[in-house]
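Numbering-wise (the numbering used here), the sequence shown opens with residue 4 and increments by one. For glycine and all other residues, C-beta sits at the position ideal for the given N, C-alpha and C. Heads up: the structure comes next, in structure tokens.
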Amino acid sequence: MTPHQPHDLPPLGSPSFTPLLLRHVLSHPALAGWSINPSLFSVLLLAMIVRKGGVVVDTTKRDIDDLAQVIHQMIGMIFGLRVHHISFDEYTDPEEVIHRLCHGRAHNPFISGSTQQQHDQRTDPDGMEVLIMTGLEDASSPVKVKIGDMMTKKRIEVPSGDDYGTMQRNGDGELSDGKMERKFDPLVVWIREEGREVPSWMIDQFMLGLHIHSDDIELPPSDFGTITGQGAIIPSTYISQLTSLLPYVHIHAPLRIHLSNLLSAVSSHPGLRTNMTGKATRGIREYIKAHRLLSGSFEIPYSFLHPYSSDETDLSARGKGLGGGIGGVDTWAELAGEEPSLSKYSSETEGMVDEPYCTPGNVEGVWKVFVGHRCRCREEREEVMWLIKGSAVGGDPEGRLVKGNKRKGVDKTLDEILRTV
4 MTPHQPHDLP PLGSPSFTPL LLRHVLSHPA LAGWSINPSL FSVLLLAMIV RKGGVVVDTT
64 KRDIDDLAQV IHQMIGMIFG LRVHHISFDE YTDPEEVIHR LCHGRAHNPF ISGSTQQQHD
124 QRTDPDGMEV LIMTGLEDAS SPVKVKIGDM MTKKRIEVPS GDDYGTMQRN GDGELSDGKM
184 ERKFDPLVVW IREEGREVPS WMIDQFMLGL HIHSDDIELP PSDFGTITGQ GAIIPSTYIS
244 QLTSLLPYVH IHAPLRIHLS NLLSAVSSHP GLRTNMTGKA TRGIREYIKA HRLLSGSFEI
304 PYSFLHPYSS DETDLSARGK GLGGGIGGVD TWAELAGEEP SLSKYSSETE GMVDEPYCTP
364 GNVEGVWKVF VGHRCRCREE REEVMWLIKG SAVGGDPEGR LVKGNKRKGV DKTLDEILRT
424 V
């Protein structure tokens, strides 16, 4: 058992880890018998472990509000995180975005009575842990640009002084022109109407995506908000331990090359338009590692349990000479997308035999939720022209992706690529 781990949660690395964790959650009295969606739970868990991008959840227009309620309660009760909900429409002005985040109340429309008063507080961006967005697909391009800029920079400019109420000056922000910069790094969950067009650069901010059908949405009990004193079912320290284990998980060179072939097959498939950027190509590896941790059946590395008992330095500082460490010269080839050689990794992985390695099953486990929302089907005539003249013809001039009625076609193609590559 890892240090400070609650005894009623499954030990990290135990066989069938995710089913055991889900069973623990479903049996918890705080849920009052509410049956949560396993796929949604797993994707949110992956996102919280890696924390390098948002989650986009597609559903029908009539189910958006219900799904927002479900996700709001899931995150609040299971993970104990503070959730803020912001809604957009075609009339939303870009200048309103910051105002809604800072001056709008963190209102939970699904809780009433005295419990609601706890949620009717102004939101400090520093303390915003999860942001649920709805209606972003209806908003204007300037609003989308504003959101994308906030998610990229992880900073926002907010009014200083009394205009903001509870905000205090601290070392995290600098006062300028009546505004100050504040940290903005919540987990962003975008609940989107399926089939709507969105810019590809907006999609690139969301690393994971899934589709939730109406039949898979079960609302929480009516008295759900009155349950108090239970605390988080999965505490943040438990998630932090999983995050801390990520550097100890490795991907063999053959599997990295296989992953590169899969991504190339998606990008060059004549039947698909894709939005596979360098950011996505680098990011998928972390989610594969997280999936390996959630798969269980591994021993906790000795160097993780006893980080100061050996001569090893921190994993983030590994490297050769002066080029090692985060952003060092030794990392530039990988950041540029260069694939490893088998001989290189055969020497570098010596001494790591006690640390877990990813398998093709872990690649398969995150394949659709990572790639699916980045793809759309080409029209038949467009596909023929692409085959004849190559990718230079038939490009998407507006850089838009569509996921709607052809979602099943995308899923089928992704399954075929995974099976044949």
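Please report the distance separating the alpha-carbon of residue i from that of residue j.
i	j	result
methionine 154	alanine 268	29 Å
glutamate 196	leucine 308	45 Å
leucine 248	tyrosine 94	44 Å
arginine 381	aspartate 11	49 Å
leucine 245	arginine 377	27 Å
isoleucine 303	glutamate 140	43 Å
valine 424	leucine 296	25 Å
isoleucine 242	leucine 258	26 Å
aspartate 218	proline 41	13 Å
leucine 24	isoleucine 236	10 Å
lysine 186	threonine 21	32 Å
proline 162	methionine 80	32 Å
glutamate 221	alanine 283	32 Å
threonine 62	isoleucine 215	5 Å
leucine 262	proline 224	42 Å
isoleucine 39	serine 30	11 Å
methionine 131	tryptophan 37	26 Å
arginine 26	histidine 88	28 Å
threonine 280	methionine 183	32 Å
valine 73	leucine 43	10 Å
aspartate 92	glycine 138	6 Å
histidine 272	isoleucine 194	28 Å
aspartate 123	phenylalanine 301	For aspartate 123, the pLDDT reaches just 46, beneath the cut-off of 50, and the residue's location in the model is therefore unreliable, although a value from the coordinates is still provided. Spanning the two alpha carbons is a distance of roughly 44 Å.
leucine 84	methionine 136	16 Å
serine 298	serine 17	9 Å
valine 413	leucine 421	12 Å
glycine 364	leucine 134	31 Å
valine 59	aspartate 188	16 Å
isoleucine 230	methionine 77	At isoleucine 230, the pLDDT of 45 sits below 50, so the modelled position is not reliable and the matter cannot be decided from this model.
Under DSSP, the beta strand (DSSP E) around residue i begins and ends at which residues?
i	result
tryptophan 193	190-196
glycine 151	Note, glycine 151: premise wrong, no beta strand (DSSP E); alpha helix (DSSP H) at 144-156.
phenylalanine 209	209-214
leucine 248	Run containing leucine 248: none in the beta strand (DSSP E); it sits in the alpha helix (DSSP H), 239-248.
glutamate 184	182-186
methionine 136	133-137
isoleucine 89	86-90
cysteine 378	378-380
Starting from residue i, trace the alpha helix (DSSP H) in both directions and tell me its first and last residue.
i	result
phenylalanine 20	20-29
aspartate 418	410-423
isoleucine 52	41-53
cysteine 105	97-105
histidine 75	67-81
lysine 64	Note, lysine 64: premise wrong, no alpha helix (DSSP H); not H, not E.
proline 363	363-374
phenylalanine 307	305-308
tryptophan 204	203-206
Rounded to the nearest angstrom, how far is the Cβ of residue i from that of residue j, given a contact under 8 Å?
i	j	result
glycine 198	valine 372	Not quite, the Cβ-Cβ distance comes to about 19 Å (not below 8 Å), so this is no contact.
valine 366	isoleucine 291	6 Å
isoleucine 206	asparagine 264	Isoleucine 206 to asparagine 264, Cβ: 23 Å. No contact.
The segment 42-62 touching the segment 89-103, judged by at least three CB pairs closer than 8 Å: no
Any chance the segment 249-257 sits against the segment 34-51, with 3 or more Cβ pairs inside 8 Å? no
Inter-stretch contact (C-beta, 8 Å, three-pair minimum) for the segment 58-70 and the segment 140-150: no
Only counting runs of 3 or more residues, tell me where the beta strand (DSSP E) segments fall wholly within the segment 252-293, in order along the chain. 275-277
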